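Numbering-wise (our numbering), the sequence shown opens with residue 71 and increments by one. Below is one structure, written out as C-alpha coordinates; the observations come after it.
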Amino acid sequence: MQEYTIHRSNRRCHQTDRALAPGECYYSAVVAQGSSLVRQDFCKEAWSGPPEQTVGWWTCQVPEKTPGKPKPAPTHVLLATLEALLEDPAKVDLAYLLCLLLVRRRILSEPTSMKLDSVVPPEELLVLHLTHSPTNRDFSIPVCDLDLEQSELLEAELNQLLFSES
(Lines of atoms letter the chains of each structure in order from A and count residues from 1; the text may use other names and numbers.)
(Lines give C-alpha, C1' and ligand atoms only; values in the text may rest on other atoms or scores of the structure.)
Protein backbone atom coordinates (compact mmCIF):
# COMPACT_ATOMS: atom_id res chain seq x y z
CA MET A 1 0.00 0.00 0.00
CA GLN A 2 1.37 3.41 -0.97
CA GLU A 3 1.19 6.44 1.33
CA TYR A 4 0.46 9.93 0.03
CA THR A 5 1.19 13.24 1.66
CA ILE A 6 -1.63 15.74 1.32
CA HIS A 7 -0.69 19.26 2.36
CA ARG A 8 -2.81 21.40 4.65
CA SER A 9 -5.03 24.10 3.23
CA ASN A 10 -3.21 27.24 2.16
CA ARG A 11 -6.47 29.14 2.73
CA ARG A 12 -6.52 30.55 -0.80
CA CYS A 13 -8.96 29.76 -3.59
CA HIS A 14 -7.17 27.72 -6.27
CA GLN A 15 -9.23 29.27 -9.08
CA THR A 16 -9.50 32.94 -8.04
CA ASP A 17 -6.38 33.16 -5.82
CA ARG A 18 -8.51 35.00 -3.24
CA ALA A 19 -7.71 34.54 0.44
CA LEU A 20 -10.39 32.59 2.30
CA ALA A 21 -11.77 34.58 5.23
CA PRO A 22 -12.14 33.24 8.79
CA GLY A 23 -15.50 31.50 9.13
CA GLU A 24 -15.91 31.11 5.35
CA CYS A 25 -17.05 27.74 3.98
CA TYR A 26 -15.08 26.35 1.05
CA TYR A 27 -14.51 23.14 -0.91
CA SER A 28 -11.33 21.06 -0.91
CA ALA A 29 -10.44 18.48 -3.53
CA VAL A 30 -7.59 16.02 -3.82
CA VAL A 31 -6.61 15.87 -7.48
CA ALA A 32 -4.28 13.38 -9.17
CA GLN A 33 -1.48 15.16 -11.05
CA GLY A 34 0.83 12.63 -12.61
CA SER A 35 1.99 10.28 -9.87
CA SER A 36 1.20 12.68 -7.02
CA LEU A 37 -1.90 13.98 -5.30
CA VAL A 38 -2.45 17.71 -4.83
CA ARG A 39 -4.93 19.48 -2.59
CA GLN A 40 -6.89 22.32 -4.16
CA ASP A 41 -9.21 24.63 -2.21
CA PHE A 42 -12.09 26.53 -3.82
CA CYS A 43 -14.31 29.32 -2.49
CA LYS A 44 -18.05 28.64 -2.87
CA GLU A 45 -18.35 31.11 -5.75
CA ALA A 46 -15.63 29.35 -7.78
CA TRP A 47 -16.88 25.79 -7.10
CA SER A 48 -18.70 24.27 -10.06
CA GLY A 49 -18.09 20.68 -9.04
CA PRO A 50 -14.99 18.58 -8.55
CA PRO A 51 -12.20 19.11 -11.10
CA GLU A 52 -11.20 16.32 -13.48
CA GLN A 53 -8.90 13.69 -11.96
CA THR A 54 -10.43 14.31 -8.50
CA VAL A 55 -9.79 11.47 -6.07
CA GLY A 56 -12.01 12.96 -3.35
CA TRP A 57 -13.56 16.23 -2.23
CA TRP A 58 -15.24 17.70 0.87
CA THR A 59 -16.46 20.95 2.36
CA CYS A 60 -14.55 22.83 5.05
CA GLN A 61 -14.77 26.01 7.04
CA VAL A 62 -11.85 28.32 7.75
CA PRO A 63 -11.46 28.47 11.55
CA GLU A 64 -12.45 31.72 13.23
CA LYS A 65 -9.58 33.73 14.60
CA THR A 66 -9.49 33.39 18.34
CA PRO A 67 -7.50 35.70 20.51
CA GLY A 68 -4.11 34.19 21.08
CA LYS A 69 -2.70 33.36 24.44
CA PRO A 70 -0.92 36.39 25.86
CA LYS A 71 2.80 36.17 25.23
CA PRO A 72 5.38 37.50 27.65
CA ALA A 73 7.63 40.36 26.66
CA PRO A 74 11.13 39.42 25.45
CA THR A 75 13.82 38.84 28.07
CA HIS A 76 15.59 42.16 27.48
CA VAL A 77 12.31 44.02 28.04
CA LEU A 78 11.64 42.08 31.24
CA LEU A 79 15.10 42.92 32.59
CA ALA A 80 14.81 46.60 31.63
CA THR A 81 11.41 46.74 33.33
CA LEU A 82 12.88 45.16 36.47
CA GLU A 83 15.66 47.78 36.55
CA ALA A 84 13.12 50.60 36.12
CA LEU A 85 10.92 49.20 38.89
CA LEU A 86 13.88 48.87 41.26
CA GLU A 87 14.70 52.57 40.77
CA ASP A 88 11.23 53.59 41.98
CA PRO A 89 10.81 52.92 45.74
CA ALA A 90 7.01 52.92 45.32
CA LYS A 91 7.29 49.98 42.89
CA VAL A 92 9.50 47.69 44.98
CA ASP A 93 6.60 45.24 45.54
CA LEU A 94 6.04 44.99 41.79
CA ALA A 95 9.79 44.53 41.23
CA TYR A 96 9.79 41.67 43.74
CA LEU A 97 6.91 39.94 41.97
CA LEU A 98 8.62 40.39 38.58
CA CYS A 99 11.83 38.99 40.06
CA LEU A 100 9.95 35.84 41.16
CA LEU A 101 8.56 35.47 37.63
CA LEU A 102 12.06 35.80 36.17
CA VAL A 103 13.43 33.18 38.56
CA ARG A 104 10.57 30.86 37.67
CA ARG A 105 11.31 31.33 33.96
CA ARG A 106 15.03 30.72 34.73
CA ILE A 107 16.04 34.12 33.41
CA LEU A 108 17.49 35.06 36.79
CA SER A 109 19.27 32.53 38.96
CA GLU A 110 21.30 31.85 42.11
CA PRO A 111 18.90 33.20 44.72
CA THR A 112 20.60 33.76 48.05
CA SER A 113 19.46 35.77 51.04
CA MET A 114 21.50 38.11 53.20
CA LYS A 115 20.91 40.97 55.62
CA LEU A 116 20.62 44.41 54.07
CA ASP A 117 22.51 47.10 55.97
CA SER A 118 19.85 49.60 56.89
CA VAL A 119 19.95 52.92 58.72
CA VAL A 120 16.63 52.06 60.41
CA PRO A 121 17.08 48.53 61.82
CA PRO A 122 13.68 47.82 63.46
CA GLU A 123 13.31 44.82 61.19
CA GLU A 124 15.87 42.77 59.40
CA LEU A 125 15.29 43.18 55.70
CA LEU A 126 16.11 40.37 53.31
CA VAL A 127 17.43 40.87 49.82
CA LEU A 128 17.52 38.44 46.92
CA HIS A 129 20.77 38.61 45.00
CA LEU A 130 20.15 37.29 41.51
CA THR A 131 22.18 37.12 38.33
CA HIS A 132 21.29 37.13 34.67
CA SER A 133 24.06 34.80 33.47
CA PRO A 134 24.15 35.67 29.74
CA THR A 135 24.83 39.36 30.50
CA ASN A 136 26.45 38.99 33.96
CA ARG A 137 24.03 41.57 35.33
CA ASP A 138 23.39 41.35 39.06
CA PHE A 139 20.16 42.39 40.73
CA SER A 140 19.46 43.01 44.42
CA ILE A 141 15.75 42.82 45.11
CA PRO A 142 14.33 43.50 48.58
CA VAL A 143 12.06 40.67 49.70
CA CYS A 144 8.49 41.89 50.20
CA ASP A 145 5.86 40.35 52.43
CA LEU A 146 2.77 40.38 50.21
CA ASP A 147 -0.68 39.28 51.26
CA LEU A 148 -3.00 37.49 48.82
CA GLU A 149 -5.04 40.57 47.88
CA GLN A 150 -1.92 42.64 47.30
CA SER A 151 -0.37 39.85 45.22
CA GLU A 152 -3.44 39.61 42.99
CA LEU A 153 -3.47 43.37 42.36
CA LEU A 154 0.24 43.41 41.60
CA GLU A 155 -0.09 40.36 39.35
CA ALA A 156 -2.81 42.10 37.31
CA GLU A 157 -0.63 45.21 37.02
CA LEU A 158 2.36 43.11 35.98
CA ASN A 159 0.33 41.21 33.36
CA GLN A 160 -0.88 44.49 31.88
CA LEU A 161 2.68 45.77 31.81
CA LEU A 162 4.45 42.74 30.35
CA PHE A 163 2.09 40.62 28.28
CA SER A 164 0.68 41.25 24.82
CA GLU A 165 -1.82 39.31 22.74
CA SER A 166 -0.71 37.82 19.43
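All C-beta atoms, glycine included, are put in the ideal place defined by N, C-alpha and C. Since we're looking at a predicted model, the values are computed, not measured.
Look at the beta carbons and you see the segment 85 to 101 touching the segment 113 to 123: at least three pairs across the two are nearer than 8 Å. The C-beta of Cys95 has fewer than 16 other C-beta atoms within 10 Å across all chains shown, which makes the residue exposed. When DSSP states are grouped into helix, strand and coil, His84 belongs to the coil group. Apart from the 5 residues on each side of it in sequence, Trp128 sits with its Cβ closer than 7 Å to the Cβ of Ser98 in its chain, given in chain order.
Rounded to the nearest angstrom, the gap between the Cα atoms of Arg82 and Pro144 is 33 Å. Val108 sits in a strand when the DSSP states are folded into three classes. Put simply, the segment 121 to 137 touches the segment 100 to 113. At least three CB pairs are less than 8 Å apart. Taken in chain order, the unbroken stretches of alpha helix (DSSP H) that lie wholly in the segment 131 to 176 and span 4 residues or more are 145 to 157, 162 to 174. In the three-state reduction of the DSSP assignment, Ala116 falls in the helix class, which pools H, G and I. The three-state secondary structure of Ala91, taken from DSSP, is coil.
Looking at the backbone, the Cα of His202 and that of Glu153 are separated by about 12 Å.
When the five nearest sequence neighbours on each side are left out, the beta carbons in the same chain lying within less than 6 Å of the beta carbon of Val101 are those of Val108, Gln110, Pro121, Gln123, Thr124, in order along the chain.
Within a 10 Å sphere around the beta-carbon of Ala165 sit 16 or more other beta-carbons, which makes this residue buried. Pro212 places its beta carbon less than 9 Å from that of Leu198. His202 is bridged by DSSP to Arg207.
Separation of Leu90 and Glu73 (C-alpha to C-alpha, rounded to the nearest whole angstrom) is 29 Å. As the crow flies, the alpha-carbon of Gln103 is around 19 Å from that of Met71.
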